[in-house]
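K.L.:
Protein chains in written order, with the numbering used here: chain G, 1 to 413; chain X, 414 to 766.
Rendered as structure tokens:
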């Protein structure tokens, strides 16, 4: 019984057994949150400017790191907990349920950290992991370039070896958080004569180095979460290269695998929250007394939206159950991005449409549905099927890796 | 653990797949040789598959919705011409509502498959069409039901009727059941003329939605299985068929359609498994069953239609098995409430409460 009360709701539904270790982990985590979370929620509620929020996110990360919660999947020796799949699930579900704020340096912890742990030298690990863990160094990812999106391996940012240094010139794009980052892990071409994937190196670049310029990109929503990063003869020591020189493509597989695994878990909770809100609002009359819930076409779309969100949940549960049983993730894991992003986009479009003619009103108009947030969500989610691998690339992956279709003739060997 | 099949489940799946591979002959129904695949049905009976959901005390397999869904999915994969789903729902009704004496008498032949049961669902139209009246210890049924899905071979019928303002279930072996030609000949429908047919009343009075929910889930599982099989066949074909000097699966127009088919198939399976687990836990499964129906049958029609398209000219020949699948999934989509009907039910529960 005690285990049941400790287990967050999603776990109860999966009906899995918690070992004593898992239960102890859950209890320690809950207790820690009880002590630290309320104060942080208060501070965040008072924070106004983005810079304040960013400072709080760093503060929160240092608290999490001190408690041993910043990177639970990292090995013990690097300040992690080597958490089991069940423990990760507990951690993740609780974090969503209790609105645990995101870490300032989550990109570094989730993507660069595992890569360093797998491929870095002991010196590199000692040097980079501790400040990455506690938020002293926030990281951004320099992979995409204007000419290298879906075809990432065609990237052209050059790294020229000059004595003990690498001199980097080129341009990165879609770099989330570059404006706040202290460091960037980047892919650069260090051998222009080798086949595409064999001339790339994985290198760590301080954002304070001479020759770096960050320019924000304003998106269709008006947000500026992404940046362009220009590198003009940026000099870094060769000891900042992770793995072999020209061996970066293999190193980066660790990074991309981690990105995939993390993506789907939070998705369903966000979708459920949006759907719930949309349904509540559909039952309320607009300023002229019209209820979306009375329109047969909206009723059908709302039912379909509920079905879609349920499917994301059920697919996720099937995948989780496989992983928790110690099996490889099945096809339902690989398709979760393709289907989930599509569902997210459709759901936000429905939420906006439910406002009827009032959907045209934006922030500031008193009758704007959901104070203009539906319009914002609709605009923001246009990127859902593009970022982290377009839906077209996902379809290629599914057809080739799961259904055994031949690779595109132009694909790299 | 929920959402994870055990080794026993996998073994059951392989068993059914193996039996179907060796014994199933859906074409026999198209050659006018037989109403159902009698050879397959008898193998399934002797393997104890037909009565898998019947409690062990009555010679059944003591399984539940999860096992039944696995079987229905595999039967769907082979477009097997056996009334497994309807028979299972009928047996479930007897197990739920029969007295101990009725269960003993009625469930043994159902578990062994000696009797083939059909089931009339308690839709408003069906309830209006049949009247039940007491005749001493027995009951008599009158009226006419124009369409009972997959009951062409039924020797016994489970029939709902109004009695004292509530729905009660009766069993009859005396109705005049006439098989009807169907688009999917592997699921032969029937009309029933009751004409004062002798019947007995199941003693239980709980109005249970469970037989209907189980039946919808199993029919959805058949659809999911059929779709999965059509996708598998197609993905193989697109690596073998060459045009422009390359396997056609090389082309993204083909590849991307295949990927969407995969998503549709996996969604269908997730929806069906979700309903199976809800039924197995004894939860209210009305929404889950509607979800399974809304997703699985509609997706299956889309997937099999795409399969025909990707097969090109071969796909529209009588010789190619795909039309058996196309007919099957369309029939399943139309049978126990269309996807839009089920979305309507879901909308009612989300918006009107």
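Each residue gets a CB set at the ideal place from its N, CA and C atoms; glycine is no exception.
Please list the terminal residues of the continuous beta strand (DSSP E) segment that includes residue 137/G.
P.N.:
Within the first chain, numbered from 1, the residue matching residue 137/G stands at position 137. Element bounds for residue 137/G: n/a, residue is neither H nor E.
K.L.:
Is the shortest distance between the beta-carbon of residue 495/X and the beta-carbons of chain G less than 8 Å?
P.N.:
As a working note, residue 495/X is residue 82 in the second chain. Answer no: the Cβ-Cβ gap between residue 495/X and chain G never drops below 8 Å.
K.L.:
By how many angstroms is the C-alpha of residue 632/X removed from the C-alpha of residue 501/X?
P.N.:
In the second chain, the residue the question calls residue 501/X occupies position 88. In the second chain, the residue the question calls residue 632/X occupies position 219. Roughly 11 Å separates the two Cα atoms.
K.L.:
Return the Cβ separation of residue 312/G and residue 271/G in integer angstroms, given the expectation that the two are a contact with Cβ distance under 8 Å.
P.N.:
The residue given as residue 312/G occupies position 312 in the first chain. The residue given as residue 271/G occupies position 271 in the first chain. Rounded, the Cβ-Cβ distance is 6 Å, consistent with contact.
K.L.:
Got a sec: which bits of the region 446 to 475 of chain X sit with their beta carbon under 7 Å from any beta carbon on chain G, in order along the chain?
P.N.:
Going along the region 446 to 475 of chain X in chain order, one finds no residue with a Cβ nearer than 7 Å to chain G.
K.L.:
How should residue 494/X be labelled, buried or exposed, when 16 other C-beta atoms within 10 angstroms of its C-beta is the threshold for buried?
P.N.:
On the second chain, position 81 is the one that residue 494/X refers to. Classification of residue 494/X: buried, given that the 10 Å Cβ count is 16 or more.
K.L.:
Using only the alpha-carbon positions, how far apart do residue 654/X and residue 336/G sit?
P.N.:
One-based indexing of the second chain puts residue 654/X at position 241. One-based indexing of the first chain puts residue 336/G at position 336. Approximately 29 Å between the Cα atoms of the pair.
K.L.:
Looking at the C-beta of residue 6/G, does it have a partner C-beta in chain X at a distance below 8 Å?
P.N.:
In the first chain, residue 6/G corresponds to position 6, counting from 1. Note on residue 6/G: pLDDT 34, under 50, position unreliable in the model; no value is reported.
K.L.:
Looking at residue 566/X: is its Cβ nearer than 8 Å to the Cβ of residue 545/X?
P.N.:
Residue numbering aside, residue 566/X sits at position 153 when the second chain is read from its first letter. Residue numbering aside, residue 545/X sits at position 132 when the second chain is read from its first letter. No.
K.L.:
If you check the beta carbons only, do residue 303/G and residue 760/X fall under 8 Å apart?
P.N.:
As a first step, residue 303/G is located in the first chain; it is residue number 303 there, counting from the start. As a first step, residue 760/X is located in the second chain; it is residue number 347 there, counting from the start. For residue 303/G and residue 760/X, yes; Cβs fall inside 8 Å.
K.L.:
Please list the partners that residue 417/X has in chain G, where partner means a Cβ-to-Cβ separation under 7 Å.
P.N.:
Translated into positions along the second chain, residue 417/X becomes position 4. In chain order: 321, 322, 325.
K.L.:
Please specify which runs of the alpha helix (DSSP H), each continuous and at least 4 residues long, are wholly inside the region 682 to 753 of chain X, giving them in chain order.
P.N.:
Counting whole runs of 4 or more residues, the region 682 to 753 of chain X contains the alpha helix (DSSP H) stretches 699 to 724, 735 to 748.
K.L.:
Hey, quick one: how far does the beta strand (DSSP E) through residue 418/X stretch, first residue to last?
P.N.:
Walking along the second chain from the start, residue 418/X turns up at place 5. Taken as a continuous stretch (DSSP letters only), residue 418/X belongs to no beta strand (DSSP E), as it is neither H nor E.
K.L.:
Can you find a CB in chain C that lies within less than 8 Å of the CB of residue 660/X?
P.N.:
This model lacks chain C altogether; the protein chains it does include are G and X.
K.L.:
Quick test of your reading: residue 241/G and residue 115/G, contact by CB under 8 Å. State the CB separation rounded to the nearest angstrom.
P.N.:
Within the first chain, residue 241/G is the residue found at index 241, counting from 1. Within the first chain, residue 115/G is the residue found at index 115, counting from 1. Incorrect: roughly 12 Å between the Cβ atoms, too far for contact.
K.L.:
Express the C-alpha separation of residue 152/G and residue 186/G in angstroms, rounding to a whole number.
P.N.:
For the purposes of this step, residue 186/G is taken as the residue at position 186 of the first chain. For the purposes of this step, residue 152/G is taken as the residue at position 152 of the first chain. Distance between the alpha carbons of residue 186/G and residue 152/G is about 12 Å.
K.L.:
Return the chain-ordered list of same chain residues with a C-beta closer than 8 Å to the C-beta of residue 647/X, the five sequence neighbours on each side being excluded.
P.N.:
Within the second chain, residue 647/X is the residue found at index 234, counting from 1. Only 671, 674, 719, 720, 723, 724 meet the Cβ criterion.
K.L.:
Note down, in chain order, every chain X residue with its Cβ under 7 Å from the Cβ of residue 304/G.
P.N.:
To locate residue 304/G, count along the first chain from 1; it is residue 304. Per Cβ cutoff of 7 Å: 756.
K.L.:
When you compare only the Cα positions, how much space is there between residue 3/G and residue 476/X?
P.N.:
Sequence index remark: in the first chain, residue 3/G carries index 3 (1-based). Sequence index remark: in the second chain, residue 476/X carries index 63 (1-based). Reliability of the predicted coordinates at residue 3/G is poor, the pLDDT of 31 falling under 50, and the value obtained from them is presented with this limitation in mind. Distance between the alpha carbons of residue 3/G and residue 476/X is about 29 Å.
K.L.:
Could you tell me which of 27/G, 380/G, 96/G, 122/G sits nearest to residue 345/G, measuring between CA atoms?
P.N.:
The residue labelled residue 345/G in the question sits at position 345 within the first chain. Among 27/G, 380/G, 96/G, 122/G, the Cα nearest to that of residue 345/G is on 380/G.
K.L.:
With a threshold of 7 Å on Cβ separation, who are the neighbours of residue 437/X within its own chain once the five nearest residues in sequence on each side are excluded?
P.N.:
Here residue 437/X corresponds to residue number 24 of the second chain, with the count starting at 1. Within the same chain, residue 437/X has close Cβ partners 450, 453, 491, 493.
K.L.:
Looking only at C-alpha atoms, which of 629/X, 594/X, 507/X, 592/X sits nearest to residue 572/X?
P.N.:
In the second chain, counting from the first residue as 1, residue 572/X sits at position 159. Closest by alpha carbon: 507/X.
K.L.:
Identify every run of the alpha helix (DSSP H) within the region 622 to 665 of chain X, keeping only runs that are complete inside it and at least 4 residues long; order them along the chain.
P.N.:
Runs found: 623 to 653.
K.L.:
For residue 429/X, which of helix, strand or coil comes out of DSSP?
P.N.:
Working through the second chain from its first residue, we reach residue 429/X at position 16. Helix, per DSSP.
K.L.:
Could you work out which residues of chain X lie near residue 317/G, taking near to mean beta carbons separated by less than 7 Å?
P.N.:
As a working note, residue 317/G is residue 317 in the first chain. Those are 416, listed as they occur along chain X.
K.L.:
Just to make sure I have the definition right: I need the residues of chain G whose C-beta is within less than 8 Å of the C-beta of residue 651/X. Which are they?
P.N.:
Taking the first residue of the second chain as 1, we reach residue 651/X at position 238. Those within 8 Å of residue 651/X in chain G are 405.
K.L.:
Taking residue 416/X as the reference, which of 595/X, 618/X, 480/X has the closest Cα?
P.N.:
On the second chain, position 3 is the one that residue 416/X refers to. Ranking 595/X, 618/X, 480/X by Cα distance to residue 416/X puts 480/X first.
K.L.:
Contact criterion: CB-CB distance below 8 Å. Does residue 262/G meet it with respect to chain X?
P.N.:
For this step, residue 262/G is matched to residue 262 along the first chain. Its pLDDT being 45, under 50, residue 262/G is placed unreliably in this model, and the value from its coordinates should be taken loosely. No, residue 262/G lies away from the interface with chain X (no Cβ there is under 8 Å from its Cβ).
K.L.:
Can you tell me whether DSSP reads residue 189/G as helix, strand or coil?
P.N.:
As a first step, residue 189/G must be located in the first chain, where it is residue number 189. The answer is strand: DSSP assigns residue 189/G an E or B state.
K.L.:
How about residue 228/G and residue 218/G: are their beta carbons less than 8 Å apart?
P.N.:
In the first chain, counting from the first residue as 1, residue 228/G sits at position 228. In the first chain, counting from the first residue as 1, residue 218/G sits at position 218. For residue 228/G and residue 218/G, no; Cβs fall outside 8 Å.
K.L.:
So, with DSSP's three-state summary, where would you put residue 227/G?
P.N.:
Within the first chain, the letter at position 227 stands for residue 227/G. Here residue 227/G sits in strand by DSSP.
K.L.:
Residues in its own chain within less than 8 Å of residue 86/G by CB, not counting five upstream and five downstream?
P.N.:
Against the first chain, residue 86/G aligns to sequence position 86. Contacts found: 16, 18, 19, 22, 324.
K.L.:
So which residues of chain G does residue 665/X contact, with C-beta pairs closer than 9 Å?
P.N.:
Stepping through the second chain from its first residue, residue 665/X is reached at position 252. Near residue 665/X (Cβ distances below 9 Å), the residues of chain G are 392, 395, 396, 399, 408.
K.L.:
Say whether chain X places a C-beta atom closer than 8 Å to the C-beta of residue 295/G.
P.N.:
Sequence index remark: in the first chain, residue 295/G carries index 295 (1-based). Answer no: the Cβ-Cβ gap between residue 295/G and chain X never drops below 8 Å.
K.L.:
For the beta strand (DSSP E) containing residue 326/G, name the first residue and the last one.
P.N.:
Position 326 of the first chain, counting from 1, holds the residue named residue 326/G. Here residue 326/G belongs to no beta strand (DSSP E), and DSSP marks it neither H nor E.
K.L.:
Three or more C-beta pairs under 8 Å: does that hold for the region 153 to 167 of chain G against the region 186 to 200 of chain G?
P.N.:
The region 153 to 167 of chain G, when compared against the region 186 to 200 of chain G, does touch it at the 8 Å Cβ threshold.
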